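Note sheet for the following structure.
Residue numbers (the working numbering), protein chains in the order written: chain A, 28 to 251; chain B, 127 to 258.
Laid out in C-alpha cells, this is it:
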C-alpha cells in the first residue's frame with residue numbers, strides 16, 4: 028500500500044515510522060525547513076519537503092497512485108484542504124484527517140473526508156477510562172452502521188453483580204460481545220456467565236440505547 | 127443585506143467600509159482586536175474578536191441570519207474551511223472566499239464555492255501595465 032502522510036510533527040513522525048516498520052510504502056511531507064532536516068536525517072528519503080496542501084507537491088509525491096492520504100498537521104484547516112486536494116485532484120480512495128476541534132467532525136464528514144480522528148476526543152475517552160468507576164466509555168464508532176462499541180465497568184454495588192446475562196433483559200439493538208473479568212481474563216459471553224464486580228462489559232449498541240444499557244449495568248436502573 | 131466578513135486585513139477592512147457606507151449591516155471578525163484599527167472611525171457595523179472556524183463565534187456573529195459570508199484572512203486554508211462551514215453547515219445563501227493559490231482556487235470553484243484569486247488578478251494587471 029502507498030500512504031502519504033502530510034505533516035511531520037510528533038504524530039506524523041511516529042505514524043510514518045510505524046508504517047515503515049510494517050513495510051508500507053510511505054512519503055512524509057513536511058513544509059518547514061528545519062523540521063524537514065531533522066526528519067530527513069532520521070527517516071531518509073521518504074521525507075519530502077513541501078506543503079501537502081499544494082497540488083504540485085502532492086503530484087511530485089505521487090498522489091496519483093496513493094491508496095491513502097493521512098493529514099496530521101496541527102491545523103484542522105490544513106488537514107481538511109490536504110484531504111480535499113487529494114480526493115478531488117488525485118482521486119485518492121481513502122483520506123484520513125486529524126482534527127483538533129471535535130466539532131469540526133460534522134463538516135469534514137459532509138465534505139467527504141473518509142475518516143476523522145479527534146485527538147481531543149481520544150484523550151478525553153482515555154482519561155475517563157482511567158478515572159475510578161468510569162461510566163460508559165465509547166470505544167469505537169462503527170462508521171455507517173449506526174452502531175458503536177462501548178465499554179462499561181461494573182461497579183461492586185450494581186444490581187447485576189452475581190446475575191447471569193440470561194437473567195435480565197437488555198435493551199434491543201445491543202449485543203454484549205465480550206466480558207473482561209479481573210480474575211478470569213477475557214471471556215465470550217454466554218447466558219450462563221455470572222457478572223462479577225469490576226468486570227468490563229464490551230458491547231455493540233445503537234448509540235440511542237447505549238445510555239440505557241450502561242444504566243442497567245452500572246446498577247442505576249433495576250434489571251428486569 | 128447582512129454580511130459577515132472574516133479577516134480584518136486591508137481588504138477585509140476596506141470591504142467593510144464600502145458596504146457599511148452603502149448602508150449594509152456588516153459584522154467583521156478577526157483573531158486580533160488590533161486589526162480593527164483599520165476600520166474607519168464612523169464604522170457602524172460590529173467588530174468581533176474571535177476565530178471564524180469556531181461555530182460558536184460564527185453563531186455569535188449571526189451566521190444563521192446572514193445573507194453573505196466573505197472570508198479574507200491571510201490563510202487560504204482558513205478561508206476555504208470557513209467558507210465551506212458557512213455554505214454546508216449554516217447554508218448561507220452567498221459565500222465568497224479569497225484563495226491566493228490559483229490551483230486551489232480553481233479546485234474550490236469547481237466544488238461550488240465563489241472564489242477570487244488576487245494572484246491571477248494582480249499578475250494580469252501588472253502585465254497590462256507593462257504593456258508592449
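We treat Cβ as the ideally placed atom computed from N, Cα and C, and that holds for glycine. Model, not experiment: these values are computed from the prediction.
Inset, instruction - Please name the residue, chosen from B:219, B:207 and B:153, that lies closest to residue 193 of chain B on a Cα-to-Cα basis. - result: Here residue 193 of chain B corresponds to residue number 67 of the second chain, with the count starting at 1. Comparing Cα positions, the closest option is B:219.
Legend entry - Assigned secondary structure, residue 118 of chain A (DSSP; H/G/I helix, E/B strand, else coil): If you number the first chain from 1, residue 118 of chain A lands on position 91. Coil.
Inset, instruction - Have a look at A:163, A:230 and A:103 and flag the residue whose alpha-carbon is nearest the alpha-carbon of residue 257 of chain A. - result: Past the edges of chain A, shown from 28 to 251, lies residue 257 of chain A, and the structure says nothing about it.
Inset, instruction - Compute the Euclidean distance between the alpha carbons of residue 168 of chain A and residue 206 of chain A, then round it to the nearest angstrom. - result: The sequence position of residue 168 of chain A within the first chain is 141, counting from 1. The sequence position of residue 206 of chain A within the first chain is 179, counting from 1. Answer to the nearest angstrom: the Cα atoms are 19 Å apart.
Legend entry - For residue 190 of chain B and residue 217 of chain B, the rounded distance between their alpha carbons: In the second chain, counting from the first residue as 1, residue 217 of chain B sits at position 91. In the second chain, counting from the first residue as 1, residue 190 of chain B sits at position 64. One C-alpha to the other measures close to 8 Å.
Inset, instruction - Just confirm the distance between the C-beta atoms of residue 148 of chain A and residue 129 of chain A, as a whole number of angstroms; I'd bet it's less than 8 Å. - result: Reading the first chain from its first residue, position 121 is the one you call residue 148 of chain A. Reading the first chain from its first residue, position 102 is the one you call residue 129 of chain A. Rounded, the Cβ-Cβ distance is 5 Å, consistent with contact.
Inset, instruction - Confirm the yes/no value for this check: CB of residue 64 of chain A, any heavy atom of the ligand FMN, distance under 7 Å. - result: Judged by which ligands are present, the structure shown has none, so any question about the ligand FMN falls away.
Legend entry - Three-state secondary structure assigned by DSSP to residue 247 of chain A: On the first chain, position 220 is the one that residue 247 of chain A refers to. In the structure shown, residue 247 of chain A sits in coil (DSSP, three-state: anything other than H, G, I, E or B).
Legend entry - Close Cβ partners of residue 221 of chain A (< 8 Å) along its chain, the five nearest in sequence each way excluded: Sequence index remark: in the first chain, residue 221 of chain A carries index 194 (1-based). Once the five neighbours on either side are set aside, the close Cβ partners of residue 221 of chain A are 189, 190 and 191.
Inset, instruction - Please confirm if residue 87 of chain B has its CB atom under 8 Å from at least one CB of chain A. - result: In the structure as shown, chain B begins at 127 and stops at 258. Residue 87 of chain B is therefore absent and cannot be evaluated.
Inset, instruction - Quick one: give me the first and last residue of the beta strand (DSSP E) that residue 220 of chain B is part of. - result: Here residue 220 of chain B is taken as the residue at index 94 of the second chain, counted from 1. Element bounds for residue 220 of chain B: 220 to 224.
Legend entry - Local Cβ density within 10 Å of residue 40 of chain A, reported as buried at 16 or more and exposed below that: Working through the first chain from its first residue, we reach residue 40 of chain A at position 13. So residue 40 of chain A counts as buried.
Inset, instruction - Report the option in A:214, A:181 and A:226 whose CA atom is closest to the CA atom of residue 243 of chain A. - result: Within the first chain, the letter at position 216 stands for residue 243 of chain A. Nearest option by C-alpha distance: A:181.
Legend entry - As assigned by DSSP and simplified to three states, the class of residue 86 of chain A: Your numbering for residue 86 of chain A matches position 59 in the first chain. The answer is helix: DSSP assigns residue 86 of chain A an H, G or I state.
Legend entry - Chain-ordered neighbours of residue 107 of chain A on chain B, where CB pairs are closer than 9 Å: Here residue 107 of chain A refers to the residue found at position 80 when the first chain is read from its first residue. Going along chain B in sequence order, the residues near residue 107 of chain A (Cβ under 9 Å) are 203, 206, 207 and 210.
Inset, instruction - Taking residue 227 of chain A as part of the beta strand (DSSP E), name the residues at either end of that continuous run. - result: Working through the first chain from its first residue, we reach residue 227 of chain A at position 200. Where residue 227 of chain A is concerned, the enclosing beta strand (DSSP E) stretches over 227 to 232.
Inset, instruction - Grab the span of the beta strand (DSSP E) containing residue 182 of chain A for me, first residue to last. - result: Along the first chain, one-based indexing puts residue 182 of chain A at 155. Looking at the DSSP string, residue 182 of chain A is not in any beta strand (DSSP E), and its letter there is neither H nor E.
Inset, instruction - Output yes if chain B places a C-beta closer than 8 Å to the C-beta of residue 116 of chain A; else output no. - result: The residue you call residue 116 of chain A lines up with position 89 of the first chain. Output row for residue 116 of chain A: interface = yes.
Inset, instruction - Report yes or no: do three or more beta-carbon pairs, one from the segment 222 to 238 of chain B and one from the segment 201 to 210 of chain B, lie closer than 8 Å? - result: yes
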